[in-house]
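Remarks on the structure that follows.
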Amino acid sequence: MATRRSHKKSRNGCDQCKERRVKCNEDHPCSDCSRRGMNCTYKRRNSPSPMGEGLGNVSGLAAGVQTPELCNSQSPSSSTSDVFGSFHKTIAVTAYFAQEWTSQDPELMHHFTLHTSKSLARRQQMQEAWQVAFPTLAYSYEFLMHGILALSALHLGYLKPENYSRYTTSSRFHISLGLRSFRKLLSSPTVANCSALFAFSSLIMVYIYASPAESVEVSMVDTLESTLHLFKLCRGILVLKPYMGHVRNSTLGPLFRQEFGMLEFDERLVLLSTRRSSKHVVRVNTSTLLPNFSVPLYSGHKYGF
Numbered sequence: 476m477a478t479r480r481s482h483k484k485s486r487n488g489c490d491q492c493k494e495r496r497v498k499c500n501e502d503h504p505c506s507d508c509s510r511r512g513m514n515c516t517y518k519r520r521n522s523p524s525p526m527g528e529g530l531g532n533v534s535g536l537a538a539g540v541q542t543p544e545l546c547n548s549q550s551p552s553s554s555t556s557d558v559f560g561s562f563h564k565t566i567a568v569t570a571y572f573a574q575e576w577t578s579q580d581p582e583l584m585h586h587f588t589l590h591t592s593k594s595l596a597r598r599q600q601m602q603e604a605w606q607v608a609f610p611t612l613a614y615s616y617e618f619l620m621h622g623i624l625a626l627s628a629l630h631l632g633y634l635k636p637e638n639y640s641r642y643t644t645s646s647r648f649h650i651s652l653g654l655r656s657f658r659k660l661l662s663s664p665t666v667a668n669c670s671a672l673f674a675f676s677s678l679i680m681v682y683i684y685a686s687p688a689e690s691v692e693v694s695m696v697d698t699l700e701s702t703l704h705l706f707k708l709c710r711g712i713l714v715l716k717p718y719m720g721h722v723r724n725s726t727l728g729p730l731f732r733q734e735f736g737m738l739e740f741d742e743r744l745v746l747l748s749t750r751r752s753s754k755h756v757v758r759v760n761t762s763t764l765l766p767n768f769s770v771p772l773y774s775g776h777k778y779g780f
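Numbering (the working numbering), first residue to last: 476 to 780.
See below:
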């Protein structure tokens, strides 16, 4: 009987492989980090994150989830990174976990593909983009997978109020991990990752809009802050402007198609039980207004839309 060939054990692997507890080939960067689109570092930690202490541990952040101070000290100096950094700082404070992936993740992915994705659009093609294209991209980009799971957990927290706290904690955990890698890659997008970066940006927009207020008293303040976050993040993703042609021609293309055109509007107008003269007025005014709502995304408009 053949004996099992032993493998060389090494304590010199990168920090990221140590966190995931996988074998590292010790290249700079290593093959595993390159495949995942993550930064690869070999700095030794003073003390490893405690494992297996559960959700109640608030003495230290999870493996890979940094404190706000550490996030600020390591973030790129670009204005784009600063925009997402402020949002990351708000979320990371509550992301206390002992491991990067949890046993709850299959439930979250299952719910996203069956329910959350279909709630994000009305047209079938757009629903399929959320349901199929987003998860497919996420297989190659962990930050996008974290974004999908975060939004799914937020949705489940709304649907199952009895488990609201558990799902909300999970949602903040995943969005914090996703933002960490996303911010680093957004500073230097490429043709290869531009679609994944745009997909995560879209998830962030929905996440902020859907995030509930912590209390009735501050709901108005939270609403205003969420709106400001949306405007800032919209400006932040303008760094993807040179790559929007690639994104539009990718599997995310259905997200850019108009909901309906003037021809469809005319067909619906005929069905109205309105006087002919009134229909003419509506048609003329709509024809005048419609061009203002059909400016292509990132077309160089002075407002950046």
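Glycine is no exception: its CB is placed at the ideal position from the N, C-alpha and C atoms.
Which of the three DSSP states, helix, strand or coil, is assigned to residue i?
| i | result |
| --- | --- |
| Val497 | coil |
| Cys492 | helix |
| Val666 | coil |
| Cys505 | coil |
| Val533 | Summary for Val533: the model assigns pLDDT 26, below 50, so the residue's position carries little reliability; its value from the coordinates is reported in the next sentence. Coil, per DSSP. |
| Tyr635 | Note on residue identity: the sequence assigns Lys, not Tyr, to residue 635. DSSP places Lys635 in coil when its eight states are reduced to three. |
| Ala596 | coil |
| Ser578 | coil |
| Gly512 | coil |
| Leu589 | helix |
| Thr611 | helix |
| Thr643 | helix |
| His517 | Here residue 517 is Tyr; the residue named in the question, His, does not match the sequence. Reduced to three states, the DSSP call for Tyr517 is coil. |
| Arg655 | helix |
| Met584 | helix |
| Leu629 | helix |
| Leu727 | coil |
| Tyr682 | helix |
| Tyr718 | helix |
Throw me the rounded Cβ distance for the residue i and residue j pair, which I believe falls under 8 angstroms.
| i | j | result |
| --- | --- | --- |
| Thr577 | His630 | Actually they are not in contact, since the Cβ atoms of Thr577 and His630 sit about 17 angstroms apart, beyond 8 angstroms. |
| Phe618 | Phe675 | 6 angstroms |
| Pro790 | Leu715 | Since the first and last residues shown for the chain are 476 and 780, residue 790 lies out of range. |
| Phe673 | Val722 | 5 angstroms |
| Leu626 | Leu661 | At roughly 18 angstroms, the Cβ-Cβ gap does not stay under 8 angstroms, so Leu626 and Leu661 are not in contact. |
| Ile650 | Tyr682 | 6 angstroms |
| Leu612 | Ser686 | The Cβ separation is near 23 angstroms, so there is no contact. |
| Tyr642 | Ala628 | 5 angstroms |
Pairs of beta-carbons, one from the stretch 719-735 and one from the stretch 597-607, closer than 8 angstroms: are there three or more?
yes
If you pair each beta-carbon of the stretch 657-677 with each one of the stretch 616-628, do three or more pairs fall below 8 angstroms?
yes
Is it the case that the stretch 487-497 contacts the stretch 505-518, given that we only count it when at least three CB pairs across the two stretches are under 8 angstroms?
yes
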